[in-house]
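The structure appears right after this line, and notes come after that.
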Amino acid sequence: MYDIKALYEANSVNEAIELMQQHPDAKIIAGGSDVLIKLREGKLAGCELVSIFGIDALRGISMDEDGTLRILPLTSFSHITKDPLINEHIKVLGEAVDMVGGPQIRNIGTIGGNISNGVTSADSASTLHAWDAIVELTSAEGVRQLPIKEYYISAGKVALRPAELLTAILIKEESYAGYKGHYIKYAMRNAMDIATLGCSVNVKLSDDKKTILGARIAYGVAGPVPMRVPAAEEAVRGKPVCGETVDAFAGAAMQNINPRDSWRASRDFRLHLAHELAKRALTESIRLSGGEI
Amino acid sequence: MAQTKLVKCTINGEYTETMVDVRASLTDMLRNDFRLTSVKKGCEVGECGACNVIIDGECYNSCIYLAVWADGKNIRTLESLLGPNGELSDIQQAFIDEAAVQCGFCTPGFIMTAVEILESGRRYTRDELKKLLSGHLCRCTGYENIINAVEKTMNKRLSEREGE
Numbered sequence: 112m113y114d115i116k117a118l119y120e121a122n123s124v125n126e127a128i129e130l131m132q133q134h135p136d137a138k139i140i141a142g143g144s145d146v147l148i149k150l151r152e153g154k155l156a157g158c159e160l161v162s163i164f165g166i167d168a169l170r171g172i173s174m175d176e177d178g179t180l181r182i183l184p185l186t187s188f189s190h191i192t193k194d195p196l197i198n199e200h201i202k203v204l205g206e207a208v209d210m211v212g213g214p215q216i217r218n219i220g221t222i223g224g225n226i227s228n229g230v231t232s233a234d235s236a237s238t239l240h241a242w243d244a245i246v247e248l249t250s251a252e253g254v255r256q257l258p259i260k261e262y263y264i265s266a267g268k269v270a271l272r273p274a275e276l277l278t279a280i281l282i283k284e285e286s287y288a289g290y291k292g293h294y295i296k297y298a299m300r301n302a303m304d305i306a307t308l309g310c311s312v313n314v315k316l317s318d319d320k321k322t323i324l325g326a327r328i329a330y331g332v333a334g335p336v337p338m339r340v341p342a343a344e345e346a347v348r349g350k351p352v353c354g355e356t357v358d359a360f361a362g363a364a365m366q367n368i369n370p371r372d373s374w375r376a377s378r379d380f381r382l383h384l385a386h387e388l389a390k391r392a393l394t395e396s397i398r399l400s401g402g403e404i
Numbered sequence: 396m397a398q399t400k401l402v403k404c405t406i407n408g409e410y411t412e413t414m415v416d417v418r419a420s421l422t423d424m425l426r427n428d429f430r431l432t433s434v435k436k437g438c439e440v441g442e443c444g445a446c447n448v449i450i451d452g453e454c455y456n457s458c459i460y461l462a463v464w465a466d467g468k469n470i471r472t473l474e475s476l477l478g479p480n481g482e483l484s485d486i487q488q489a490f491i492d493e494a495a496v497q498c499g500f501c502t503p504g505f506i507m508t509a510v511e512i513l514e515s516g517r518r519y520t521r522d523e524l525k526k527l528l529s530g531h532l533c534r535c536t537g538y539e540n541i542i543n544a545v546e547k548t549m550n551k552r553l554s555e556r557e558g559e
């Protein structure tokens with residue numbers, strides 16, 4: 112038995128918002144692969160839960176008329192990896208979430224839960240940052256949108272207001288068209304582990320594949336929240352596709368992050384990883400885009 | 396007074412209705428209310444895979460799945476593999492033949508993941524099989540024999556299908 116004081120099940124977004132208004136201290140539970148484990152640890156002992164697991168209207172991936180990819184928050188990691196729209200337009204997101212936990216965890220874990228925990232190591236978060244994702248938040252007052260960068264406030268804290276629910280993750284056409292990306296998770300083992308450092312890079316090359324028109328990079332575990340590194344992106348904009356450009360990118364990336372010492376790894380090791388992973392992820396992104404180094 | 400909910404679901408092919416405590420995990424419900432003791436209580440935090448069951452065709456660790464979420468679902472446990480006269484299925488026999496079982500605690504969970512793999516009808520490489528089985532811990536066998544059992548059953552089923 113879990114140490115739960117009460118469980119309220121929502122079957123629609125409106126019902127979830129009403130339940131959150133009626134029970135302001137209740138925690139949201141989506142797939143439960145974080146909340147139920149915290150309960151087992153005693154961290155949330157005696158809490159009230161609003162379950163949104165049953166809201167099937169919050170599952171699936173579609174494309175809006177203007178080309179925006181709409182990822183609904185209860186979509187499981189395994190369904191993201193298998194989805195044809197994801198594979199066509201932002202394959203790296205499917206690959207990134209295929210590194211979360213193990214197969215059973217990827218069937219229950221949701222992308223909305225992954226980012227709403229506000230954890231820096233979330234495997235989907237760095238890729239969503241690197242692709243300029245927008246979160247759609249719904250409350251009784253209406254719907255608002257925020258860039259994912261502004262969704263993350265501090266470690267474990269996101270910009271959800273009381274009785275507000277994440278109802279979609281959006282990626283605009285201008286953010287994905289022409290880009291190819293690669294994610295590298297460095298961890299101690301291949302399954303059931305949390306990233307020591309995660310690095311997601313994507314790039315758009317010129318038609319002749321000789322020039323970088325744009326590159327984007329985001330890290331997980333390089334700071335208290337996932338972060339983009341604009342200095343690295345600026346360092347390679349308009350630059351030729353070559354080894355020096357890759358080195359300049361990685362050098363700028365590692366000088367503009369602030370990882371910490373933790374029991375998992377030292378700050379120095381994370382900086383070393385940040386440099387190496389930026390190089391490898393950019394090189395692979397260039398290769399995927401048809402460029403050669 | 397504990398908060399309860401009526402859960403209507405299909406378990407191993409049989410429609411069931413039962414009142415569950417909202418605090419129960421699906422492992423609790425399957426073991427305590429239905430005596431399906433192939434569903435093991437291992438780590439209870441979704442790491443070891445001993446409680447793995449198939450829900451609507453996909454594998455889940457039932458220890459981190461609320462029992463109330465089972466409402467409307469089709470759930471399969473290892474017990475569903477038993478033949479009408481108590482015969483073992485091919486994948487269970489392969490675990491015995493390959494010495495993929497020692498203490499046996501992890502076996503039901505592994506076999507249900509194997510069932511999902513085999514029912515996909517796809518041919519996987521050994522590396523792919525390792526990844527698909529990576530949500531389970533076994534402290535006895537060293538995994539090699541488990542992967543052998545799944546790989547051999549996969550090859551056998553696929554060649555039988557091609558022979559038809």
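Line by line, the protein sequences are chains W and E. If you count the first sequence from 1, position 177 lands on 288 in my numbering, and the numbers rise without skipping. If you count the second sequence from 1, position 29 lands on 424 in my numbering, and the numbers rise without skipping. Glycine included, C-beta positions come from ideal geometry on N, C-alpha and C.
| Query | Result |
| --- | --- |
| Hey, out of E:F429, E:Y538, E:L513, E:N540, whose CA is closest to E453 of chain E's CA? | E:L513 |
| Just checking my contact of Y290 of chain W with P337 of chain W at CB under 8 Å: how many whole Å lie between their CB atoms? | Contact doesn't hold; Cβ gap of about 18 Å is too wide. |
| For a test of the three-state rule: what should DSSP assign to D416 of chain E, helix, strand or coil? | strand |
| Based on the DSSP secondary-structure assignment, which residues constitute the bridge partners of S250 of chain W? | W:G253 |
| Just list the beta strand (DSSP E) runs in the region 406 to 467 of chain E, keeping only unbroken ones of 3 residues or longer that don't cross its boundaries, in chain order. | 409 to 416, 447 to 450, 453 to 456 |
| Residues of chain W with CB under 9 Å from A419 of chain E, in chain order? | M112, Y113 |
| Can you pull out the residues from the region 507 to 537 of chain E whose beta carbon lies closer than 9 Å to at least one beta carbon of chain W? | T508, E511, K525, K526, L527, L528, S529, G530, H531, L532 |
| Within 10 angstroms of its Cβ, does S187 of chain W collect 16 or more other Cβ (buried), or is it exposed? | buried |
| Does DSSP put A117 of chain W in a helix, in a strand, or in coil? | strand |
| Return the first residue and the last residue of the alpha helix (DSSP H) that A489 of chain E is part of. | 485 to 492 |
| Between which two residues does the beta strand (DSSP E) harbouring E159 of chain W extend? | 158 to 162 |
| So the beta strand (DSSP E) R348 of chain W belongs to, where does it begin and stop? | Where R348 of chain W is concerned, there is no enclosing beta strand (DSSP E), given that its DSSP letter is neither H nor E. |
| For L130 of chain W, I'd like the list of residues in its chain whose CB is within less than 8 Å of its CB, leaving aside the five on either flank, ordered along the chain. | Y119, A121, A137, V161 |
| With a CB to CB cut of under 6 Å and the five nearest residues on each side skipped, what residues in its chain are close to M424 of chain E? | V415, A462 |
| Apart from the five residues on each side of it in sequence, which residues of its chain come closer than 7 Å, Cβ to Cβ, to A376 of chain W? | T307 |
| Could you compute how far the alpha carbon of I140 of chain W sits from the alpha carbon of L239 of chain W? | 22 Å |
| Can you have a look at I491 of chain E and say buried or exposed, based on whether 16 or more other CB atoms are within 10 angstroms of its CB? | exposed |
| Taking beta-carbon pairs under 9 Å, can you tell me which members of the region 369 to 383 of chain W lie near chain E? | none |
| Using CA atoms only, rank isn't needed, just tell me which of W:I197, W:S250, W:T249 is closest to S70 of chain W. | Past the edges of chain W, shown from 112 to 404, lies residue 70 of chain W, and the structure says nothing about it. |
| Using 8 Å for Cβ pairs, my map puts S396 of chain W next to V332 of chain W. What's the rounded Cβ distance? | No, S396 of chain W and V332 of chain W are not in contact; Cβ-Cβ is about 20 Å, not under 8 Å. |
| Could you tell me whether the region 480 to 499 of chain E touches the region 175 to 190 of chain W, where touching means 3 or more Cβ pairs closer than 8 Å? | no |
| Taking only beta-carbon atoms, is I148 of chain W less than 7 Å away from chain E? | yes |
| Below 8 Å on the Cβ atoms is my guess for I280 of chain W versus I219 of chain W; work out the distance and round it to an integer in Å. | That belief does not hold up - the Cβ atoms of I280 of chain W and I219 of chain W are roughly 18 Å apart, past 8 Å. |
| Give, in chain order, every unbroken run of the beta strand (DSSP E) that is at least 3 residues long and sits entirely within the region 163 to 199 of chain W. | 172 to 174, 180 to 182 |
| Between the region 153 to 168 of chain W and the region 194 to 213 of chain W, do three or more beta carbon pairs fall short of 8 Å? | no |
| For the beta strand (DSSP E) that contains T502 of chain E, what are its first and last residues? | Unbroken run through T502 of chain E is the alpha helix (DSSP H), 502 to 514; no beta strand (DSSP E). |
| Just how far apart, CA to CA, sit G478 of chain E and D485 of chain E? | 11 Å |
| Roughly how many angstroms lie between the CA atoms of G213 of chain W and M507 of chain E, to the nearest whole one? | 15 Å |
| Strictly below 7 Å CB to CB, what residues from chain E border S144 of chain W? | G441, I459 |
| Identify the continuous beta strand (DSSP E) that holds K260 of chain W and give its terminal residues. | Element bounds for K260 of chain W: not the beta strand (DSSP E) but the alpha helix (DSSP H), 259 to 262. |
| Answer yes or no: does any C-beta atom of chain W fall closer than 7 Å to that of E427 of chain E? | One detail in the question is off: residue 427 of chain E reads as Asn in this sequence, not Glu. Closer than 7 Å: no. |
| Flag Y455 of chain E as yes if its beta-carbon sits less than 7 Å from any beta-carbon of chain W, otherwise no. | yes |
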